[in-house]
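These notes concern the structure reproduced below.
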Amino acid sequence: MTKSYRAFTARWYHILVWFCYPAAAIICCLALQNGVFGLIPRFSYSFEVPQSFLGTGLCVAEIFLDAFCLGGICSKDYVHFELFKGSKNGKKIFKGILVMDTIRRALLFLFLYVTNVAISLMLGKEVVFLDYIYAAEGALWTYMICTAAVLLTRFTMHLAINLATAYAFMMLGMLLQAILTWVTVGEAILATVFGVVSIVLTVLLLMLPMKKLEGSYYDR
Amino acid sequence: MIVKDLKLACQLMKNGHEVKKFLGMTAILMIFGAVMACFQDLTLGMCGAFVMMSAPMMLFQSFMGVNMLRVVQSSPKAKYLQTSVMSTVLVGLELVGYLLSTLVMMILVATGVLPVQGIGLVCLLMCGFAVFTMIYYIFSYRFFAASTVFFYVGFFVGFASIQKGMETLAKLQIPVPASFGIGVAVIVLMWFVIRLIAELLVKYPMDTKALGAAGKTIVG
Chain V
150 MTKSYRAFTA
160 RWYHILVWFC
170 YPAAAIICCL
180 ALQNGVFGLI
190 PRFSYSFEVP
200 QSFLGTGLCV
210 AEIFLDAFCL
220 GGICSKDYVH
230 FELFKGSKNG
240 KKIFKGILVM
250 DTIRRALLFL
260 FLYVTNVAIS
270 LMLGKEVVFL
280 DYIYAAEGAL
290 WTYMICTAAV
300 LLTRFTMHLA
310 INLATAYAFM
320 MLGMLLQAIL
330 TWVTVGEAIL
340 ATVFGVVSIV
350 LTVLLLMLPM
360 KKLEGSYYDR
Chain A
1423 MIVKDLKLAC
1433 QLMKNGHEVK
1443 KFLGMTAILM
1453 IFGAVMACFQ
1463 DLTLGMCGAF
1473 VMMSAPMMLF
1483 QSFMGVNMLR
1493 VVQSSPKAKY
1503 LQTSVMSTVL
1513 VGLELVGYLL
1523 STLVMMILVA
1533 TGVLPVQGIG
1543 LVCLLMCGFA
1553 VFTMIYYIFS
1563 YRFFAASTVF
1573 FYVGFFVGFA
1583 SIQKGMETLA
1593 KLQIPVPASF
1603 GIGVAVIVLM
1613 WFVIRLIAEL
1623 LVKYPMDTKA
1633 LGAAGKTIVG
């Protein structure tokens, strides 16, 4: 699975997602929780704010990167399936790529959550149990928004449309964040809803490109 | 000459790839921007105006998609399309975006949704944003990666220093019609700058990465 994914994507992509992303996440979390390294103390947040803020930013970055990796894969004009279609193991390899990409995305959001919590504890901030729940909820809804946006952008091949979709989803995410502060539904119910929707979207993210691969040239 | 350029551009855009999606995304962004501007907050109103102003720029990608086709690049009109027509389309779309967003802002001011104070400032900031994006667009179709990095860095630096810029501009107390006029004049005069940059850049090959996944598919 990892081998297929490594073969499919470029080296700069791996450097970006496995090194630059986590480094940027750590730096941004530190900056947002520490008042931009003590320079602007009023920008010192507890960890649920950086979680949502960086999560929505990550959504845009993910779409930008996906446009160069699996961009437009569900679009009717996508023609780069020939090698997978013609190969004996093509379907298996392609499935491996999709699964690995999804795992990587989920891991990234998990990493952001863990980093946030770890930095918060490291800085000695006063944290109550509910804060962990809020931040976990933030991680879940940002992952949900990101998955929905990636799913949608895979139906179009143009970077401008992909980025516009990313910005639209980022705004939707912020709107959702604002709505969540007004809604009085229990946190457990919200987390369950986000979890279920995220799972459904992830399954669709895996299923739709596979269906496109399995279809013949005349099915598109 | 301008009418001739625009006619030619419209004909080309009609034959562009995924034109309906571009038009749909333009409409969605316009609605998004207008909704954001309705939140009775000047900062959100400004963000909404930026979104509305960026909406017609979607069509520029469609135009550039056609320009990148080999059949167009090998035609005797390639240079003319990539200098004169491109500058006219870019400035024209930016002007349409500026006029539409100021019109929506004025309607919101007239209906009492937005306060009249600060609208002049927003017009000037929108003009600055228009100049910045036009320069980015002209470079991005030749050197995509470098110009995108500069764009994001410049955007965040600009966004961080917006408060200081607004304070300086507020001291000048420029009336709303004058700010609007300055904005229109600057965007129109940018045609000469854009044309000059386009003439200088025409010798460099087009960067298909700027189109995302469509680059490989429609250009080959």
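Just so you know, the sequences run in chain order V and A.
Throughout, this note's numbering is defined as the position within the first sequence, counted from one, plus 149.
Throughout, this note's numbering is defined as the position within the second sequence, counted from one, plus 1422.
C-beta atoms are modelled at their ideal positions from N, C-alpha and C, and glycine is treated no differently.
- Taken residue by residue, none of the segment 1540-1569 of chain A has a beta-carbon sitting less than 7 Å from a beta-carbon on chain V.
- Spatial neighbours of I242/V in its own chain (CB-CB distance under 6 Å, excluding positions within 5 residues in sequence) are listed in chain order as S153.
- Neighbours of V166/V across chain A, judged by C-beta separation under 9 Å, do not exist; the nearest C-beta is about 16 Å away.
- Against I1450/A, the close residues of chain V are A317, in the order they occur along the chain (beta-carbon pairs closer than 7 Å).
- In this structure the segment 1565-1583 of chain A does not touch the segment 1518-1528 of chain A; the number of beta carbon pairs closer than 8 Å is below three.
- Here G287/V carries a helix assignment [DSSP, helix/strand/coil].
- Among the residues of the segment 298-322 of chain V, those with a Cβ less than 7 Å away from any Cβ of chain A are T305, M306, H307, L308, A309, I310, N311, A313, A317 and M320, in the order of the chain.
- Y283/V and Q326/V have their alpha carbons spaced roughly 11 Å apart.
- The C-beta distance from V1473/A to F1454/A rounds to 6 Å, short enough to fall under 8 Å.
- Judged by DSSP secondary structure, Q326/V falls within the alpha helix (DSSP H) whose first and last residues are L308 to W331.
- No Cβ-Cβ contact shorter than 9 Å links G1603/A with L1530/A.
- In this structure, M1527/A places its C-beta atom within 9 Å of the C-beta atom of L1536/A.
- Between the beta-carbon of V1511/A and that of F1485/A there is about 5 Å, and that keeps the pair under the 8 Å contact cut.
- Look at G1470/A here: in three-state DSSP terms it is helix.
- Beta-bridge annotation (DSSP): G1634/A is paired with H307/V.
- For the pair F1561/A and I1609/A, the CB atoms are not nearer than the 9 Å cut-off.
- The DSSP-derived three-state label of A1607/A is helix.
- For Q1483/A, the nearest CB of chain V lies under 9 Å from its own CB, placing it at the interface with that chain.
- In this model, E231/V and L312/V are separated by some 27 Å (Cα to Cα).
- The beta carbon of C178/V sits closer than 6 Å to the beta carbons of P199, T264, N265 and I268 from its chain, once the five residues preceding and following it are set aside; these are given in chain order.
- Counting C-beta atoms within 10 angstroms of its own C-beta, Y1574/A has fewer than 16 neighbours from the protein chains shown and is therefore classed as exposed.
- Listed along chain A, the residues sitting closer than 7 Å to D226/V by beta-carbon distance are T1639.
- Within the segment 196-216 of chain V, the residues whose Cβ lies closer than 7 Å to any Cβ of chain A are, in chain order, A216.
- Non-local C-beta neighbours of I1424/A in its own chain, meaning closer than 6 Å and more than five positions away in sequence, comprise T1510, ordered along the chain.
- Remark: C-beta atoms of L207/V and L165/V do not approach each other more closely than 9 Å.
- Residue-level contact by beta carbon holds for V1473/A and chain V, with a gap shorter than 9 Å.
- M1480/A places its beta carbon less than 9 Å from that of I310/V.
- At a Cβ-Cβ threshold of 9 Å, C218/V and Y162/V count as neighbours.
- F1572/A and G344/V have their alpha carbons spaced roughly 37 Å apart.
- The beta carbon of M306/V is closer than 8 Å to those of G220, G221, S224, D226 and Y227 in its chain, skipping five residues each way along the sequence.
- N1489/A sits in a helix when the DSSP states are folded into three classes.
- Taking C-beta separations shorter than 7 Å and ignoring five residues to either side along the sequence, the partners of A1636/A in its chain run H1439 and G1487, following chain order.
- For a Cβ distance threshold of 9 Å, nothing in chain A lies close to G287/V: the least Cβ distance comes to about 21 Å.
- Short of 7 Å from the beta carbon of I1616/A, and not among the five residues preceding or following it, lie these beta carbons of its own chain, in chain order: S1509, L1512, V1513, M1556 and I1560.
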